[in-house]
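*Asks:* Numbering (the numbering used here), first residue to last: 249 to 1182.
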């Protein structure tokens, strides 16, 4: 982790030395010395970080280097704040320049003194640097690295488990056995994917030992991949196992052969036999690639069974043929309970007084077999009292940190963390800021990573795109889990396994990377750099030292703040703050102290009751994200145009009621001169207010990825089209007309943005713009209040990537026909308030991938869609405020797993299933249906 801080500082030092030319004599030389020393320590840090946990002396040395990097960064930022660069004009210009000169001189003397102290510290630390050989072993002798490390790699224990000790494995085993022994004669690759501790090796061993599998394959070899991989050692092991399996001597000279000759022997051996080779615990693509060509594709139905934590390894290894990927799911609640009782109570039942507490602890394990076995093993040693078990529940993080019985569990999960590239470690530790079971929105996380400086600059990519790559890599490595997807297949939210989160909280605290306060009178390190307050504002220390604080978060703050002016959310003296996230904080006025946080890059006041933004926001010259979504702000000061680094400007709110209303989306009044913000990537939602000059300005925002505008008129269309043609990077476009009957005229758009993926048009359309059918990337289309001619939708049916189509009063006519071969990729279709609609026809071959169909408020519709039985992949059918008589026309041949009918009554939704059991006629709130029926 120290390498992260050092790498970030080195980039900052380079920029600082290039730009700050008016430094006192000696400062540039001292900074260059510090830079050179840190550069030389980087390679040492990378090795030291990997072994520092098992060596206290080395751990202290790494910590000292990290603190030097932090203190140097603080000093540079303090200098940036203290140096006055304001060049005024007018009568007082001379006096002002004299004042500036005096302040700058004082600032430079302060930085000179601090840098001199840092130079002395780094000289001392550098003199004590450890030396490592090529294997990462210290060359300073055993005294410098002697340590007690009680953990040994016990991943092989999974190979020794008896079948009677296993739970919830039978169906998975049967599926894998079937995949291995059935199919064509080509070589088959089957991958088992799951996070550490999910039981991949256990499952693979049960399949490997299966009688049917043993009979089907002539040769069986089990290879466990070591890390780091020693390829020649692995290949020799494989050669020995292969020849032992047919009771023949190993070829002479194997111990002296290089990897190429060993692969030739293996390939020649396998060419004549039907074989099964298990490659257990493959982490990286290069490990598979080094073995792939040695495993002969001999046309005999041979198989490779591969276990991995990395979904990219799984998909790539299976890409050459129609091979299978088995995603290992967590145990079900019943299976988890069975395994828990078997391990905790030695196959006896759980005492009644402990069941509630046992299930709460078990919920933390989230179906992860290794976690269940480890935690139940700890509980088996505790006194069986409610007080004892409640203590374990409240202090699971401490148990994982200190209990020797949990060392193996902790280290198995940490293997994945330790294998991360160094630039991803900080991104992953950052997740410890969020409360348990918190769904983390991916765009929020991406913007935060960028504001923190974790994301590298890469040619040809925006930082947001690089950060999205980081997120996908963490998902591929099974470090985080998908918690929500958009309708067009993008990751919307993620989460982290509860116990893995407990482990990284401890790690982040040890690294002084993050502090979390979730108890009354909680304490944190003196030089805390990132602080998250959970549950209540009273958790914040009074008069805390926040002079080193870079990020501050508030979650679940509870009761509103006192009206006293002394009550504040923001700690004192935190002028180095770069991230301030006050989402859903109980505040009604913009905190004045925010305007003085001149290094701020990320500011979120989302879901607050703030109504106005002061003109003093112009001081935040480094601000990249301003998130005012779902606040009460509807107007921005013109000074916002001075924030030239702004990437994301989110100022809008929705007001949900029972159904979509035309005036349910509120943005902000347009700003003349908006074209000055040329770094903007997201601008939502801006009221263009019949201002042609302003609409023309939009064309200057060529970095825009998402644009949302409201209050459009027909006569604005030509100018808007001219501006949109220049937005070649646009991915999402939302346009709302001034009133429901106002025409949106987009016919003049001759060269639409070819990267456009999502299009939302709210208002009248005289005809469907022809350019829409040319957008091959288009995945989502919303047409609301369009009132198009009856045949207008036919032009959309050949869009190759359209997966979601939402229609509200979109077309006129009494019949809606979906023709054979149309909408080949469509998965979600919504039809709402087609006032004259009497019949929906679905031809055989239309919408072959449709999974969800929603029909709302079509009062004249006489029956369910004709041909609905052709929608063989339909999983969910929903009716909203439709006559029950129509719903009952659904025949049994439709074979749809879930059918719901919903009514808005007395301010609530009443939801029923066709069988009358799924929702059991419950009344539920509007809020709970927003995400489900949006």
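Backbone N, C-alpha and C define an ideal beta-carbon position, used for all residues, glycine too.
(1) Just how far apart, CA to CA, sit residue 391 and residue 378?
(2) Given this structure, state the Cα-to-Cα distance separating residue 1097 from residue 690, to the nearest angstrom.
(3) I need the straight-line Cα distance from residue 499 to residue 520, nearest angstrom please.
(4) Report yes or no: do three or more beta-carbon pairs, one from the region 557-568 and one from the region 580-600, lie closer than 8 Å?
(5) DSSP on residue 1087, reduced to helix/strand/coil?
(6) Secondary structure at residue 739, three-state DSSP: helix, strand or coil?
(7) Is it buried or exposed, residue 1139, if we count other Cβ atoms within 10 angstroms and call 16 or more buried?
(8) I need the straight-line Cα distance from residue 420 to residue 451, nearest angstrom please.
(9) Using a Cβ-Cβ cut-off of 8 Å, state whether residue 1140 counts as contacting chain C.
(10) Quick check on this structure: which residue in 443, 888, 539, 840 has the alpha carbon closest to the alpha carbon of residue 471?
(11) Taking the straight line between their C-alpha atoms, what separation do you get for residue 918 and residue 801?
(12) Tell me which same chain residues have a C-beta within less than 7 Å of the C-beta of residue 1017, skipping the five on either side of it?
(13) Quick one: is residue 253 buried, meaning 16 or more other Cβ sit within 10 Å of its Cβ, or exposed?
(14) At which residues does the alpha helix (DSSP H) containing residue 1079 begin and terminate?
(15) Please report the distance separating the alpha-carbon of residue 725 from that of residue 1141.
(16) Which runs of the alpha helix (DSSP H) fall wholly inside the region 351-378 and span at least 4 residues, in chain order?
(17) Would you identify the three-state DSSP class for residue 1126, choosing helix, strand or coil?
(18) Does DSSP put residue 838 in a helix, in a strand, or in coil?
(19) Between 358, 849, 1026, which lies nearest to residue 894 when the distance is taken from Cα to Cα?
(20) Kindly identify the DSSP beta-bridge partner or partners of residue 780.
(21) Which same chain residues end up closer than 8 Å to residue 942 when comparing Cβ atoms and leaving out the 5 residues on each side of it in sequence?
(22) Under the three-state reduction of DSSP, which class applies to residue 582: helix, strand or coil?
(23) Quick one: any contact between the region 1098-1116 and the region 874-892, if contact means 3 or more CB pairs under 8 Å?
(24) Go through its chain and collect everything with a Cβ distance to residue 757's Cβ below 7 Å, but skip five positions before and after it.
(25) Rounded to whole angstroms, what's the CA-CA distance from residue 572 to residue 458? Just pull it up for me.
(26) Which runs of the alpha helix (DSSP H) at least 4 residues long sit entirely within the region 596-655? Give them in chain order.
(27) Under a Cβ-count criterion, where at least 16 other Cβ atoms within 10 Å of its own Cβ denotes burial, should residue 899 be classed as buried or exposed?
(28) Within a Cβ cutoff of 8 Å, which residues of the same chain sit near residue 267, ignoring the five residues on either side of it in sequence?
(29) Going straight from the alpha carbon of residue 287 to that of residue 325, what length do you get?
(30) Just to confirm, are residue 547 and residue 584 a CB contact at a threshold of 8 Å?
(31) Would residue 445 pass as a contact of residue 660 if the rule is Cβ separation under 8 Å?
(32) Please determine if the region 833-842 and the region 684-704 are in contact, where contact requires at least 3 C-beta pairs separated by less than 8 Å.
(33) Would residue 873 and residue 715 qualify as a contact pair, given that the criterion is a beta-carbon distance under 8 Å?
(34) Tell me where the beta strand (DSSP E) around residue 553 begins and ends.
(35) Is it the case that the Cβ atoms of residue 977 and residue 952 are separated by a distance below 8 Å?
(36) Please identify the residue among 496, 278, 369, 961 whose C-alpha is closest to the C-alpha of residue 315.
*Replies:* On the basis of the data shown:
(1) Per-residue confidence for residue 391 stands at a pLDDT of 35, beneath the threshold of 50, marking its modelled position as unreliable; the derived number appears in the next sentence. Spanning the two alpha carbons is a distance of roughly 12 Å.
(2) Rounded to the nearest angstrom, the gap between the Cα atoms of residue 1097 and residue 690 is 27 Å.
(3) Straight through space, the alpha carbons of residue 520 and residue 499 are spaced by roughly 17 Å.
(4) no
(5) strand
(6) strand
(7) exposed
(8) It is roughly 8 Å from the alpha-carbon of residue 420 to the alpha-carbon of residue 451.
(9) Here there is only one protein chain, and chain C is not present.
(10) 539
(11) 30 Å
(12) Closer than 7 Å at Cβ, skipping near neighbours: 994, 995, 997.
(13) buried
(14) Where residue 1079 is concerned, there is no enclosing alpha helix (DSSP H), although the beta strand (DSSP E) it sits in stretches over 1076-1080.
(15) Their backbone Cα atoms lie some 42 Å apart in a straight line.
(16) Considered as a whole, the region 351-378 harbours no complete run of any alpha helix (DSSP H) with no fewer than 4 residues.
(17) strand
(18) coil
(19) 849
(20) 764, 801
(21) Counting only Cβ-Cβ distances below 8 Å, and skipping sequence neighbours, we find 918, 919, 920, 922, 936.
(22) helix
(23) Touching, no.
(24) 763
(25) Distance between the alpha carbons of residue 572 and residue 458 is about 19 Å.
(26) Taken in chain order, the unbroken stretches of alpha helix (DSSP H) that lie wholly in the region 596-655 and span 4 residues or more are 600-613, 617-627, 634-642, 644-650.
(27) It counts as buried.
(28) none
(29) 20 Å
(30) no
(31) yes
(32) no
(33) no
(34) If you look at residue 553, you'll find it in the beta strand (DSSP E) that goes 551-556.
(35) Yes; because the gap between Cβ atoms is below 8 Å, this pair is in contact.
(36) 369
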